[in-house]
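**Student:** Below is a structure I'd like to ask you about.
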Amino acid sequence: MKTEKSQILDKLGKDSGFKVPEGFFEQFNQQLIDSLPDVQITDVDEKPSMWVRVRPYLYMAATFAGIWAMMNVFNHFNGTTDQTMRMNEIAAGISQDNNADELIMSGVASDYDILTYEDSVNNDIANEVEPELPNN
Amino acid sequence: MARTTYDETAIIEQLHHQNTARAAFSQVIEHYSSTLYWQIRRMVIDHDDASDVLQNTFIKAWTSIDHFRGDAKLSTWLYKIAINESITFINKKKAQNNISLDDDDTFLTNSLESDEWFDGDQAQVLLQQAIATLPEKQRLVFNMRYYDEMKYEDMSEILNTSVGALKASYHHAVKKIEAFFAEHD
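First to last, the sequence lines map onto chains A and B. Taking the working numbering, the leading residue of the first sequence gets 69, the next gets one more, and so forth. Taking the working numbering, the leading residue of the second sequence gets 15, the next gets one more, and so forth.
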């Protein structure tokens with residue numbers, strides 16, 4: 069590192085000529101220590117309270133509960149729940165019948181499977197209650 | 015008198031607890047009062063003023079000790095407070111003496127020769143007058159480097175200035191002091 073050189077400063081040296089009274093620092097330190105006001109210090113390793121620790125989880129739970137409640141309210145006013153259930157039933161029926169037909173036609177199902185399926189269909193038909201016709 | 019060994023890491027830890035902070039800060043005062051006093055004294059020149067500013071520095075540090083988290087060095091933090099307090103004091107004194115804030119600080123050296131706590135010769139009076147003509151930041155850099163022989167890296171942390179800029183600042187300060195001597199000697 070390049071050191072700044074000055075003939076004048078070299079000649080003067082580092083003594084500034086400033087002085088302090090004898091025992092100044094000892095006296096100053098003691099007077100200052102004795103007169104320090106009271107201060108409130110927050111201990112850095114102070115354990116956080118139960119509320120502080122639980123708070124984030126409560127906020128998260130409240131958020132999810134809010135979203136769930138909003139979805140329910142939204143579905144209630146739009147009638148989405150009943151409509152969705154009906155659509156699911158129809159879709160399940162179509163799917164089941166289509167699957168059976170496809171299995172029978174492709175020859176994957178054995179004779180026993182076909183007989184069992186036909187029995188179950190016949191039972192369903194037999195158990196159905198015939199609607200009463202109005203008397204004229 | 016046997017002195018307690020100063021362990022800064024332990025002191026900083028103790029400063030963060032209510033029941034140990036006061037004793038720890040007492041050690042801080044004993045450890046840094048002399049260093050900070052001389053830094054302040056070279057800025058404000060007068061002994062009584064330096065004593066007042068030093069007291070304000072420690073009181074300010076103590077009352078805001080809760081904000082000191084130990085991210086910076088304790089010495090850096092204290093130096094910063096001392097410098098701020100010194101500059102605030104000089105500006106107040108300028109206002110009291112109807113001196114513009116833009117003017118240099120040579121008024122501080124007016125009564126230097128009659129000062130009870132100054133026993134320098136004519137050349138030392140001239141040096142203090144020359145230093146007082148420097149802008150405040152240059153004065154700080156010159157004093158820290160010339161008298162305290164502080165490393166530029168440490169100075170950089172205290173003054174928030176790059177090492178390169180500090181070296182340039184010190185170079186300019188020396189040139190100005192030499193020019194002042196050439197003019198007045």
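All residues carry an ideal CB built from backbone N, CA and C; glycine is no exception.
Report, in whole angstroms, the separation of the C-beta atoms of L80 of chain A and Q138 of chain B, which I expect to be a contact under 8 Å.
**Tutor:** 7 Å between Cβ atoms; contact.
**Student:** Name the chain B residues that come within less than 9 Å of V120 of chain A, Cβ to Cβ?
**Tutor:** Chain B residues near V120 of chain A: none, gap ~19 Å exceeds 9 Å.
**Student:** Give me the chain A residues within the contact set of R56 of chain B, using Cβ-Cβ distance strictly less than 7 Å, ordered along the chain.
**Tutor:** Here the neighbours are S84.
**Student:** Distance cutoff 8 Å, beta carbons only. Does L122 of chain B sit that close to anything in chain D?
**Tutor:** Absent from the structure is chain D; the protein chains it does hold are A and B.
**Student:** Please list, in chain order, all residues of the same chain as S74 of chain A whose beta carbon is under 6 Å from its beta carbon, the five residues on each side excluded.
**Tutor:** Answer for S74 of chain A: no residue qualifies.
**Student:** Is the CB-CB distance between A146 of chain B and D119 of chain B below 8 Å?
**Tutor:** For A146 of chain B and D119 of chain B, yes; Cβs fall inside 8 Å.
**Student:** Taking all protein chains shown into account, do 16 or more other C-beta atoms lie within 10 angstroms of the C-beta of H198 of chain B, making it buried, or fewer, making it exposed?
**Tutor:** Classification for H198 of chain B: exposed.
**Student:** Please report the distance separating the alpha-carbon of W119 of chain A from that of A96 of chain B.
**Tutor:** So the two alpha carbons sit approximately 41 Å from each other.
**Student:** Any idea which residues DSSP pairs F132 of chain B with across the strands?
**Tutor:** The partner list for F132 of chain B (beta bridge, DSSP) reads A:F86.
**Student:** Can you give the beta carbon distance from V188 of chain B to L77 of chain A, rounded, assuming they're within the 8 Å contact cut?
**Tutor:** Yes, V188 of chain B and L77 of chain A are in contact; Cβ-Cβ is about 7 Å, under 8 Å.
**Student:** The alpha helix (DSSP H) that contains L115 of chain B, what's its start and end?
**Tutor:** No alpha helix (DSSP H) contains L115 of chain B, which DSSP labels as neither H nor E.
**Student:** Terminal residues of the continuous alpha helix (DSSP H) containing N174 of chain B?
**Tutor:** From DSSP, N174 of chain B is part of no alpha helix (DSSP H); its letter is neither H nor E.
**Student:** Can the beta-carbon of H61 of chain B be found less than 8 Å from the beta-carbon of I109 of chain A?
**Tutor:** No.
**Student:** Is it buried or exposed for E99 of chain B, if we count other Cβ within 10 angstroms and need 16 for buried?
**Tutor:** E99 of chain B comes out buried.
**Student:** Do you know offhand how far I43 of chain B's Cα is from A37 of chain B's?
**Tutor:** Taking the straight line joining both Cα atoms gives about 10 Å.
**Student:** Our contact map puts K94 of chain B next to I172 of chain B with C-beta atoms below 8 Å; I'd like the distance itself, whole angstroms only.
**Tutor:** The pair is a contact, with the Cβ atoms about 6 Å apart (cut-off 8 Å).
**Student:** Among the residues of its own chain, which have a CB less than 8 Å from the CB of S65 of chain B, if the five just before and after it don't count?
**Tutor:** Y51.
**Student:** Starting from S40 of chain B, trace the alpha helix (DSSP H) both ways and give me its first and last residue.
**Tutor:** First-last of the alpha helix (DSSP H) with S40 of chain B: Q32 to V58.
**Student:** How many whole angstroms separate the CB atoms of K121 of chain B and N111 of chain B, which I take to be in contact at a CB cut-off of 8 Å?
**Tutor:** Before going on, a small fix: residue 121 of chain B reads as Phe here, not Lys. 6 Å between Cβ atoms; contact.
**Student:** Roughly how many whole angstroms lie between the Cα atoms of N11 of chain B and K87 of chain A?
**Tutor:** Missing from the structure shown is residue 11 of chain B; chain B here goes from 15 to 199 and no further.
**Student:** Would you mind sorting W136 of chain A into buried or exposed? The rule is 16 or more other CB atoms within 10 Å of its CB.
**Tutor:** The residue in question, W136 of chain A, is exposed, as its Cβ has fewer than 16 Cβ neighbours within 10 Å.
**Student:** Output the distance between the C-alpha atoms of Y127 of chain A and A133 of chain A, rounded to the nearest integer angstrom.
**Tutor:** For Y127 of chain A and A133 of chain A, the distance between alpha carbons rounds to 10 Å.
**Student:** In the DSSP assignment, find the unbroken alpha helix (DSSP H) run with N157 of chain B in it and report its ends.
**Tutor:** No alpha helix (DSSP H) holds N157 of chain B; DSSP gives it neither H nor E.
**Student:** Using a Cβ cut-off of 8 Å (strictly closer), state whether I191 of chain B contacts chain A.
**Tutor:** Closer than 8 Å: yes.
**Student:** Check whether the Cβ atoms of V177 of chain B and S170 of chain B sit closer than 8 Å, and answer yes or no.
**Tutor:** Against a cut-off of 8 Å, the Cβ pair of S170 of chain B and V177 of chain B comes out as a contact.
**Student:** Going by DSSP in three states, V141 of chain A sits in which element: helix, strand or coil?
**Tutor:** Here V141 of chain A sits in helix by DSSP.
**Student:** At least one CB of chain B closer than 8 Å to the CB of N97 of chain A: is that the case?
**Tutor:** Yes, contact with chain B.
**Student:** Mind pulling the chain B residues with CB within less than 7 Å of D111 of chain A?
**Tutor:** Under the 7 Å cutoff, chain B gives H30, H31 and Q32.
**Student:** Applying a beta-carbon distance threshold of less than 8 Å, which residues of chain B neighbour Q80 of chain A?
**Tutor:** According to the sequence provided, residue 80 of chain A is Leu. The question's Gln does not apply to it. Within chain B, the residues near L80 of chain A are A137, Q138 and L141.
**Student:** By a C-beta neighbour count over all protein chains shown, 10 Å radius and 16 as the cutoff for buried, is G91 of chain A buried or exposed?
**Tutor:** The residue is exposed, with fewer than 16 neighbouring Cβ atoms inside 10 Å.
**Student:** Measuring only the C-alpha atoms, how far is K74 of chain B from P149 of chain B?
**Tutor:** Cα-Cα distance, rounded: 25 Å.
**Student:** State the DSSP-derived secondary structure class of A16 of chain B, mapped to helix, strand or coil.
**Tutor:** Its pLDDT being 47, under 50, A16 of chain B is placed unreliably in this model, and the value from its coordinates should be taken loosely. In the structure shown, A16 of chain B sits in coil (DSSP, three-state: anything other than H, G, I, E or B).
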